[in-house]
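Just below is one structure, and these are the notes that go with it.
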Amino acid sequence: MSLTVEVLKNEDGLCRVELNGRLDTTTAPGLEAKLNAIDLKTHPTQVIDLSSLDYISSAGIRVLFKAKKRASAGKARLVLVNPKPSVKKVFDIVKALPSESIFQTMEELDRYLDKMQKAVE
Amino acid sequence: MRVEFSIANRLDEIVRVHSELTTLLEGSGCVQELIDEMCLIAEEVLVNIISHGFEPNTEAEIQFLFDDQQDHYALEFRDCGIAYNPLEADERPEGKVGGWGIPLVVELCEQVDYRFESEQNVLRLTVAKREK
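Protein sequence lines correspond, in order, to chains A and B.
Number 88 in the numbering used here belongs to position 88 of the first sequence; there are no gaps in the numbering.
Position in the second sequence counted from 1, then plus 121, gives you the numbering used here.
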């Protein structure tokens, strides 16, 4: 019953956060602290990689929702990618996060990021 | 098969409930998808009871019952906290943080029944079994 959080920052302003395990009432505060520590000015794009996340409860949804609001307020963006079917089912029921910020595959996300990059250029 | 145990009204007890429930469900041949959903249901109900059911700094016990029937599983929670029917607050909030737990439980269960008896909140939840 644990969650591993790996924060990978690159020099292009992208911060990739890989979640592995279970995001529940007991593990959510740790993730919240790590997401709040990300500097939105130096890393305005946050990608939360859910491909190894096995379980999420409403406490986990709450942390992701708050992180998304924080990003929007800081003129940054936060997107989620590759949720397992069981995790996606929880997202679908709760509907707390806009579907356009959840990408089912890395390819889908890469296309979106390319489009965003070209818009900036 | 019916298994009953009690837990303290602390959030860290959810880890123990997840562990006990997973062992019971694995033993009954339950599919992983449903094990996760049952854990989710138990977590959301317990967070609701522990966070809102007692006056601050009150130590209390919550009775947890697992009932393995032929075509469904049932979970029952009993507590002596403030009388409160969580189903009456069954509204899905939009645009605000939180309040998602009970709507999630209602969506995942076949049946959810609340009653107040013998000075106890009793919440019974039923989930249909699934084929592997």
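Built from N, CA and C at the ideal position, the CB exists for glycine as well.
Opposing strand residues paired with residue i [DSSP bridges]
| i | result |
| --- | --- |
| A/Leu8 | A/Arg16 |
| B/Val243 | B/Arg199 and B/Arg236 |
| A/Thr45 | A/Leu14 and A/Arg77 |
| A/Arg22 | A/Tyr55 |
| B/Val136 | Paired residue(s): none; B/Val136 is not in a bridge. |
| B/Ile128 | B/Ile183 |
| B/Ala249 | B/His193 |
Own chain residues within Cβ distance below 7 Å of residue i, not counting five before or after
| i | result |
| --- | --- |
| B/Ala249 | Asp192, His193 and Glu231 |
| B/Thr143 | Ile156 and Cys160 |
| B/Ala181 | Asn130, Phe175, Asp200, Cys201 and Gly202 |
Proximity of residue i and residue j at Cβ, strictly below 7 Å
| i | j | result |
| --- | --- | --- |
| B/Val168 | A/Thr25 | yes |
| B/Gln187 | B/Asn130 | The displayed chain sequence assigns Phe, not Gln, to residue 187 of chain B. Result no, Cβ atoms of B/Phe187 and B/Asn130 do not sit closer than 7 Å. |
| B/Glu221 | A/Ser99 | Note on identity: in this sequence residue 221 of chain B is Trp, with Glu being the wrong assignment. Not a contact, by the Cβ cut-off of 7 Å. |
| A/Leu109 | A/Gly74 | no |
| A/Ile102 | A/Leu78 | no |
| A/Pro83 | A/Leu50 | yes |
| A/Val90 | A/Ile56 | yes |
| A/Leu3 | A/Arg22 | yes |
Neighbourhood of residue i by C-beta, 8 Å cutoff - its chain only, sequence neighbours within 5 removed
| i | result |
| --- | --- |
| B/Leu208 | Ile223, Val227, Val233 and Tyr235 |
Close-in-space but distant-in-sequence residues of the same chain around residue i (CB under 6 Å, 5 per side omitted)
| i | result |
| --- | --- |
| B/Gly202 | Gly174 and Phe175 |
| B/Asp200 | Ile170, Gly174, Ile183 and Asn242 |
Supposed close pair residue i, residue j - CB separation, criterion 8 Å
| i | j | result |
| --- | --- | --- |
| A/Glu32 | A/Val63 | 5 Å |
| A/Ala96 | A/Pro44 | No, A/Ala96 and A/Pro44 are not in contact; Cβ-Cβ is about 22 Å, not under 8 Å. |
| B/Glu165 | B/Leu246 | Actually they are not in contact, since the Cβ atoms of B/Glu165 and B/Leu246 sit about 10 Å apart, beyond 8 Å. |
| B/Phe126 | B/Phe185 | 6 Å |
**Request:** With 9 Å as the C-beta to C-beta threshold (strictly closer), list the residues of the stretch 55 to 67 of chain A near chain B in chain order.
**Result:** With the criterion set as a beta carbon lying under 9 Å from some beta carbon of chain B, the members of the stretch 55 to 67 of chain A are Tyr55, Ile56, Ser57, Ser58, Ala59, Ile61, Arg62, Phe65 and Lys66, in sequence order.
**Item:** the stretch 16 to 31 of chain A: positions lying closer than 9 Å to chain B by Cβ
**Value:** From the stretch 16 to 31 of chain A, only Arg22, Asp24, Thr25 and Thr26 have a Cβ closer than 9 Å to chain B.
**Prompt:** Going along the chain, which residues of the stretch 129 to 143 of chain B sit with their C-beta nearer than 8 Å to a C-beta in chain A?
**Reply:** Residues Leu132, Asp133, Ile135, Val136, His139 and Ser140.
**Prompt:** Using Cβ-Cβ distances below 8 Å, what residues of the stretch 91 to 120 of chain A are close to chain B?
**Reply:** When CB distances to chain B are screened at a threshold of 8 Å, the residues of the stretch 91 to 120 of chain A falling below it are Ile93, Val94, Lys95 and Ala96, in chain order.
**Request:** Can you give me, in chain order, the residues of the stretch 222 to 233 of chain B that have a beta carbon less than 7 Å from any beta carbon in chain A?
**Result:** Residues Gly222, Leu225 and Glu228.
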